[in-house]
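Chemist: First the structure, which I've put down as structure tokens, then a few questions once you've had a look.
Numbering (UniProt numbering), first residue to last: 1 to 369.
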């Protein structure tokens, strides 16, 4: 059974300064929810996890909507991609509830807050919003009380998770370099690093690693994240081998690229076997590498798209337990048949194993598991 490491929080002093100013000048006695942004990055140390950070920039990342209320945008260009808060990090949406009295802070129904936030994640999964913006899978709630006479601040963080059937491990966690061919592992590292860097213009390995094969179909070229947003905390890593190279060759004929989570259906269709019952009309835009008559991949698509992994920036420091945020993604995967091989409950279908890359930093270098 897969175990998870709970998310931990960190409140920067600048957050309290900004909250104080806003309460005095704007919020006053209002207890209406405020949409804020938290920031999280991959774990950097072997003994302590990375924490979800809120700071004064958590308010800047919230934009004014047309009705005057604040709405979260995940990222705002005012922050700047060079900000230390966002460097190799990810923005996640949160809700701030600031109470006027300490009694209100203590007596508020925290279980109800937790369930409401969890219900929002379920809605995001069902509506498809989580595919477009995977940061929605890591929502949080921050309950606060600011005693401005004594300048004492109270706070409580809530990170909702959706509990489904326990995930079972097909194999114990391993370092990427131990699980895959060294060349392939290195290319995956380069691609993951490019994805997490918000300034990158390409999500393929650098030219110094190996040039992409000219035989690869243009329809599966990587798509960079928008330049004005932080990278999504979950993404897809696709591995493609040139025809005739073989999946275990370890040669330079292998290409690796990163894709947004929303591309999973297209990528899965391009890697499925001939004779699959997946129809071409199951995706909005039919892929040119699919036979228009049968909806099955052409031999070229079948031979070049071999597999894909799910990668995420893992704040956990435990070698055998990823961060709790992965649990909500597994719920998303179960609800959408992300990994394939699923079916209606009770029909005897067995889900295909889901390959997950937990991206962490170690002494300034990428550390994958």
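Think of the CB as a built atom: it goes at the ideal place given N, C-alpha and C, for glycine as much as any other residue. All figures in this text were calculated on a predicted structure; none of them were measured in a lab.
Is residue 197 helix, strand or coil by DSSP?
Modeler: Taking the first residue of the chain shown as position 1, residue 197 is located at position 197. Residue 197 falls in the coil class under three-state DSSP.
Chemist: Would you mind working out which of 337, 362, 5, 330 sits nearest residue 168, comparing C-alpha positions?
Modeler: Taking the chain shown and counting its residues from 1, the one referred to as residue 168 is at position 168. Here the closest residue by C-alpha is 330.
Chemist: Kindly give me the distance between the Cβ atoms of residue 143 and residue 108, rounded to whole angstroms, as I take these residues to be in contact under 8 Å.
Modeler: Sequence index remark: in the chain shown, residue 143 carries index 143 (1-based). Sequence index remark: in the chain shown, residue 108 carries index 108 (1-based). Correct: roughly 7 Å between the Cβ atoms.
Chemist: Return the CA-CA distance between residue 60 and residue 241, expressed in angstroms with no decimal places.
Modeler: Your numbering for residue 60 matches position 60 in the chain shown. Your numbering for residue 241 matches position 241 in the chain shown. Each residue's Cα considered, the two are about 44 Å apart.
Chemist: Between the beta-carbon of residue 311 and the beta-carbon of residue 192, is there less than 9 Å?
Modeler: The count along the chain shown starts at 1 and reaches residue 311 at position 311. The count along the chain shown starts at 1 and reaches residue 192 at position 192. Yes; because the gap between Cβ atoms is below 9 Å, this pair is in contact.
Chemist: Identify the continuous alpha helix (DSSP H) that holds residue 98 and give its terminal residues.
Modeler: Sequence index remark: in the chain shown, residue 98 carries index 98 (1-based). Per DSSP, residue 98 belongs to no alpha helix (DSSP H); it is in the beta strand (DSSP E), 89–99.
Chemist: What number of angstroms, rounded off, separates the C-alpha of residue 116 from the C-alpha of residue 89?
Modeler: Working through the chain shown from its first residue, we reach residue 116 at position 116. Working through the chain shown from its first residue, we reach residue 89 at position 89. Distance between the alpha carbons of residue 116 and residue 89 is about 26 Å.
Chemist: Below 6 Å CB to CB, which residues in the same chain sit around residue 294 once its five sequence neighbours on both sides are set aside?
Modeler: Taking the chain shown and counting its residues from 1, the one referred to as residue 294 is at position 294. Residue placement at residue 294 cannot be trusted, given a pLDDT of 46 that sits under 50; what the coordinates show is reported in the next sentence. Closer than 6 Å at Cβ, skipping near neighbours: no residue.
Chemist: Secondary structure at residue 328, three-state DSSP: helix, strand or coil?
Modeler: In the chain shown, the residue the question calls residue 328 occupies position 328. Correct three-state label for residue 328: helix.
Chemist: Let me know the secondary structure DSSP gives residue 123 once reduced to three states.
Modeler: In the chain shown, the residue the question calls residue 123 occupies position 123. If DSSP states are grouped into helix, strand and coil, residue 123 belongs with the helices.
Chemist: In chain order, what are the residue ranges of uninterrupted beta strand (DSSP E) at least 3 long that sit wholly in the stretch 4–63?
Modeler: Correct list: 9–11, 34–41, 52–54.
Chemist: Would residue 55 pass as a contact of residue 12 if the rule is Cβ separation under 9 Å?
Modeler: Counting from 1 along the chain shown, the entry for residue 55 is found at position 55. Counting from 1 along the chain shown, the entry for residue 12 is found at position 12. Closer than 9 Å, so yes.
Chemist: Give the secondary structure of residue 112 by DSSP, where H, G and I count as helix, E and B as strand, and everything else as coil.
Modeler: As a first step, residue 112 is located in the chain shown; it is residue number 112 there, counting from the start. Looking at residue 112 - three-state DSSP - the assignment turns out to be helix.
Chemist: Just checking my contact of residue 235 with residue 195 at CB under 8 Å: how many whole Å lie between their CB atoms?
Modeler: For the purposes of this step, residue 235 is taken as residue 235 along the chain shown, with counting starting at 1. For the purposes of this step, residue 195 is taken as residue 195 along the chain shown, with counting starting at 1. About 5 Å; that satisfies the 8 Å criterion.
Chemist: In this structure, does DSSP put residue 176 in helix, strand or coil?
Modeler: Position 176 of the chain shown, counted from the start, is the residue given in the question as residue 176. If DSSP states are grouped into helix, strand and coil, residue 176 belongs with the helices.
Chemist: So is residue 375 buried or exposed if we call it buried at 16+ other beta carbons inside 10 Å?
Modeler: Missing from the structure shown is residue 375; the chain here goes from 1 to 369 and no further.
Chemist: Among the candidates 326, 183, 269, whose CA atom is the shortest distance from the CA of residue 255?
Modeler: Taking the chain shown and counting its residues from 1, one reaches residue 255 at position 255. When only C-alpha atoms are compared, the closest one is 183.
Chemist: Are the Cβ atoms of residue 309 and residue 239 separated by less than 9 Å?
Modeler: In the chain shown, the residue the question calls residue 309 occupies position 309. In the chain shown, the residue the question calls residue 239 occupies position 239. Going by C-beta atoms, residue 309 is nearer than 9 Å to residue 239.
Chemist: To the nearest whole angstrom, what separates the beta carbons of residue 323 and residue 7, a pair I think is in contact under 8 Å?
Modeler: Numbered from its first residue, the chain shown carries residue 323 at position 323. Numbered from its first residue, the chain shown carries residue 7 at position 7. With 8 Å as the limit, residue 323 and residue 7 qualify as a contact, their Cβ atoms being about 6 Å apart.
Chemist: Any chance the stretch 91–100 sits against the stretch 26–44, with 3 or more Cβ pairs inside 8 Å?
Modeler: Segments in contact, yes.
Chemist: Pull up the distance between the alpha-carbon of residue 180 and that of residue 362, whole angstroms please.
Modeler: Taking the first residue of the chain shown as 1, we reach residue 180 at position 180. Taking the first residue of the chain shown as 1, we reach residue 362 at position 362. Rounded to whole angstroms, residue 180 to residue 362 spans 19 Å at the Cα level.
Chemist: Sort 51, 131, 155, 111 by Cα distance to residue 102 and report the nearest one.
Modeler: Walking along the chain shown from the start, residue 102 turns up at place 102. For residue 102, the nearest C-alpha among the options comes from 155.
Chemist: Among residues of its own chain, excluding the 5 on either side of residue 51, which ones have a beta-carbon nearer than 6 Å to its beta-carbon?
Modeler: Position 51 of the chain shown holds residue 51. Taken in chain order, the residues that qualify are 8, 9, 10.
Chemist: According to the neighbour-count rule (16 or more other Cβ atoms, all chains shown, within 10 Å of its Cβ), is residue 111 buried or exposed?
Modeler: As a first step, residue 111 is located in the chain shown; it is residue number 111 there, counting from the start. Exposed, since its Cβ has fewer than 16 Cβ neighbours within 10 Å.
Chemist: Helix, strand or coil for residue 135, going by three-state DSSP, please let me know.
Modeler: Counting from one through the chain shown, the residue named residue 135 turns up at place 135. Helix at residue 135.
Chemist: Rank 259, 127, 317, 262 by C-alpha distance to the C-alpha of residue 46 and give the top, closest one.
Modeler: Here residue 46 refers to the residue found at position 46 of the chain shown. Nearest C-alpha to residue 46: 317.
Chemist: Where does the unbroken alpha helix (DSSP H) through residue 103 begin, and where does it stop?
Modeler: As a first step, residue 103 must be located in the chain shown, where it is residue number 103. Note, residue 103: alpha helix (DSSP H), 102–107.
Chemist: Just to confirm, is the Cβ distance from residue 233 to residue 5 under 9 Å?
Modeler: By one-based count along the chain shown, residue 233 stands at place 233. By one-based count along the chain shown, residue 5 stands at place 5. No, the pair does not count as a contact, with Cβ atoms beyond the cut-off.
Chemist: May I have the straight-line CA-CA distance separating residue 128 from residue 134, to the nearest angstrom?
Modeler: For the purposes of this step, residue 128 is identified with residue 128 of the chain shown, where counting begins at 1. For the purposes of this step, residue 134 is identified with residue 134 of the chain shown, where counting begins at 1. So the two alpha carbons sit approximately 10 Å from each other.
Chemist: According to DSSP, simplified to helix, strand and coil, what is residue 313?
Modeler: Start at 1 with the first residue of the chain shown, and residue 313 comes out as number 313. If DSSP states are grouped into helix, strand and coil, residue 313 belongs with the strands.
Chemist: Since residue 29 and residue 98 should fall inside the 8 Å C-beta cutoff, what is the C-beta to C-beta distance between them, to a whole number of angstroms?
Modeler: Here residue 29 refers to the residue found at position 29 of the chain shown. Here residue 98 refers to the residue found at position 98 of the chain shown. Contact doesn't hold; Cβ gap of about 10 Å is too wide.
Chemist: Between residue 139 and residue 121, how many whole angstroms is the CB-CB distance? I'm expecting something under 8 Å.
Modeler: For the purposes of this step, residue 139 is identified with residue 139 of the chain shown, where counting begins at 1. For the purposes of this step, residue 121 is identified with residue 121 of the chain shown, where counting begins at 1. Their Cβ separation, rounded to whole angstroms, is 6 Å, which keeps residue 139 and residue 121 in contact under 8 Å.
Chemist: Report, in whole angstroms, the separation of the C-beta atoms of residue 162 and residue 118, which I expect to be a contact under 8 Å.
Modeler: The residue labelled residue 162 in the question sits at position 162 within the chain shown. The residue labelled residue 118 in the question sits at position 118 within the chain shown. Correct: roughly 6 Å between the Cβ atoms.
Chemist: Should residue 360 go down as buried or exposed, given a rule of 16 or more other Cβ atoms within 10 Å for buried?
Modeler: Position 360 of the chain shown, counted from the start, is the residue given in the question as residue 360. By the 10 Å Cβ count, residue 360 comes out buried.
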